[in-house]
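Before any comments, here is the structure.
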Amino acid sequence: MSLGTKRSSILVIDDEETLRDACRQTLERNPDYGVECADDGPAGIARVRRGVFDLVIVDLKLPGMGGIEIIREILRFDPTIVTLIITGYPTVASAVDAMKNGAYDFLPKPFTPDELRIIVRRALEKRHLESERRALLAERESLQRNFVSLVSHELRAPLICVEQYVDAILTGAVGKIVPEQEDILRRISIRMEGLLGLIDTWLNLNRMKTGKYDAGMKEFGVLPMLREAVETLQPAAQARGVRVSVDGPEGLNITADPECLKILFMNLIGNAVKYNRENGSVSIRAAALEEGGASIEVRDTGRGIPAEDLPLIFDEFYRGRDGGKDKPAGSGLGLALVRQIVQLHDGRIDVNSELGKGTSFSVTLPSRRK
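Whatever position you read off the sequence shown (first residue = 1), add 8 for the working numbering.
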């Protein structure tokens, strides 16, 4: 049945009056069907433009405008309409071609009333399922928009205020605090920073997935940005005795979104440090691509990723099955965001890993136009 009504609206386009009448009589025995007829393509298309139809049945061989052309015009006007082809046995190949052009199915002549009813019922079921799918997608998008707004305004903003209050207390703006209080407040500040980072990561990921991220393409040096990321992560690396090296041509430039690339490098290098072994190493290599752009490899000497986890590591909130007590905490969003950034730049990311030996992530980024 069509959206908002209890009856399914069907249009039969055929130049044979006896066939049109037979189809109408057969289908109108079902009180849920409303049937209209047209004797050629232009008349049928005109009816489609004036009304709302769930299903259009078209004879493949019509004088003037043929069935395939009619289907194209109908679907160009309303791609949600389901179309069926009626064809004689000598034109089955043409009917298959019509299906490639958007027809749902075809019914060879001669056909019985039961055969007509069965194929129409199937076609309308497809129409109804597709309508339900579109409605559910629209509902999901609405819920997602509302949730993004909730996270952004009702959760993130208050957390920023709390973080500012904590910072004010730590800097002595409201009076002196004892060392025990300072220790607790610094722990709170670290937790707040981590939570805000998680929220920002999720918001960025959502914007990229929904196509609402406004990428600003600029030309910049790859190595300076890699070194900046390493410098930021150096305290974490030193705490675990992890050595980090960066290698590549000094003049290597790329045109990309610099903010996105900062996030990408911070996530890949940060993971290489976090999931490394004590006194391990992280090797970062950048190289120019012949066709323009750059490749970046981040290799670590960490625990490695189980083979069964590799196809899943870019999924949101996936943190692997290796849940030992010594496993560092993570949100499960970092690599999902990395993949979205790579896709935003029409790039590619590959991962190779061996348990007990380490993991390497290789990113290929073509140079984009500004």
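Just so it is clear, CB atoms sit at the ideal spot from N, CA and C, and this is done for glycine as well. These numbers were taken from a predicted model, which means no experiment stands behind them.
For residue j and residue i, the rounded distance between their alpha carbons
{"i": "I53", "j": "E149", "result": "33 Å"}
{"i": "V159", "j": "I207", "result": "8 Å"}
{"i": "H353", "j": "P374", "result": "7 Å"}
{"i": "D265", "j": "G224", "result": "5 Å"}
{"i": "E138", "j": "V128", "result": "15 Å"}
{"i": "R15", "j": "L83", "result": "21 Å"}
{"i": "V238", "j": "V252", "result": "7 Å"}
{"i": "D122", "j": "R37", "result": "12 Å"}
{"i": "S102", "j": "D48", "result": "18 Å"}
{"i": "S303", "j": "P319", "result": "21 Å"}
{"i": "A245", "j": "L151", "result": "40 Å"}
{"i": "A165", "j": "L269", "result": "26 Å"}
{"i": "P118", "j": "G96", "result": "7 Å"}
{"i": "G316", "j": "T367", "result": "Reading off the sequence, residue 316 comes out as Glu, not Gly. Roughly 14 Å separates the two Cα atoms."}
{"i": "E267", "j": "L345", "result": "13 Å"}
{"i": "I79", "j": "N109", "result": "8 Å"}
{"i": "E305", "j": "M216", "result": "23 Å"}
{"i": "P243", "j": "G205", "result": "18 Å"}
{"i": "K226", "j": "L260", "result": "14 Å"}
{"i": "L115", "j": "E147", "result": "36 Å"}
{"i": "D105", "j": "E44", "result": "26 Å"}
{"i": "M73", "j": "R356", "result": "46 Å"}
{"i": "E258", "j": "L234", "result": "11 Å"}
{"i": "G42", "j": "C31", "result": "12 Å"}
{"i": "A176", "j": "E299", "result": "52 Å"}
{"i": "I198", "j": "Y326", "result": "23 Å"}
{"i": "G256", "j": "F228", "result": "15 Å"}
{"i": "K282", "j": "A247", "result": "10 Å"}
{"i": "D191", "j": "V170", "result": "17 Å"}
{"i": "T179", "j": "M200", "result": "17 Å"}
{"i": "L297", "j": "G340", "result": "31 Å"}
{"i": "E140", "j": "R130", "result": "15 Å"}
{"i": "L363", "j": "E286", "result": "16 Å"}
{"i": "V186", "j": "P314", "result": "47 Å"}
{"i": "R55", "j": "V64", "result": "11 Å"}
{"i": "S10", "j": "K365", "result": "Caution applies to S10, whose pLDDT of 42 falls short of 50 and renders its modelled position unreliable; the value that the coordinates give is listed next. If you take the alpha carbons of S10 and K365, they lie about 59 Å apart."}
{"i": "G332", "j": "R135", "result": "Residue placement at G332 cannot be trusted, given a pLDDT of 49 that sits under 50; what the coordinates show is reported in the next sentence. Rounded to the nearest angstrom, the two C-alpha atoms are 49 Å apart."}
{"i": "F273", "j": "K184", "result": "39 Å"}
{"i": "V254", "j": "V350", "result": "20 Å"}
Residues bridged to residue i (per DSSP)
{"i": "D113", "result": "L92"}
{"i": "D67", "result": "I94"}
{"i": "N360", "result": "S368"}
{"i": "C393", "result": "Here the chain comprises residues numbered 9 to 378, so residue 393 is not present and cannot be evaluated."}
{"i": "D308", "result": "V290"}
{"i": "N261", "result": "G229"}
{"i": "L373", "result": "A302"}
Residue interval of the alpha helix (DSSP H) (run including residue i)
{"i": "E267", "result": "266–282"}
{"i": "S102", "result": "100–108"}
{"i": "G178", "result": "The residue asked about is misnamed: residue 178 is Leu in this sequence, not Gly. Where L178 is concerned, the enclosing alpha helix (DSSP H) stretches over 165–178."}
{"i": "E81", "result": "75–85"}
{"i": "A30", "result": "25–35"}
{"i": "G342", "result": "342–352"}
Sub-8 Å separation of residue i and residue j beta-carbons
{"i": "I21", "j": "V60", "result": "no"}
{"i": "Y112", "j": "T88", "result": "no"}
{"i": "G310", "j": "N284", "result": "yes"}
{"i": "G312", "j": "S370", "result": "no"}
{"i": "L132", "j": "D86", "result": "no"}
{"i": "V174", "j": "L193", "result": "yes"}
{"i": "I277", "j": "I292", "result": "yes"}
{"i": "P71", "j": "D23", "result": "yes"}
{"i": "I262", "j": "V230", "result": "yes"}
{"i": "V359", "j": "I321", "result": "yes"}
{"i": "L19", "j": "A51", "result": "no"}
{"i": "G301", "j": "V250", "result": "no"}
{"i": "T209", "j": "G342", "result": "yes"}
{"i": "I93", "j": "L124", "result": "no"}
{"i": "L167", "j": "Q348", "result": "no"}
{"i": "D308", "j": "A280", "result": "yes"}
Range of the contiguous beta strand (DSSP E) that encloses residue i
{"i": "R293", "result": "289–296"}
Curious, which full-length beta strand (DSSP E) runs of at least 3 residues does the region 219–258 contain? 226–229, 251–255
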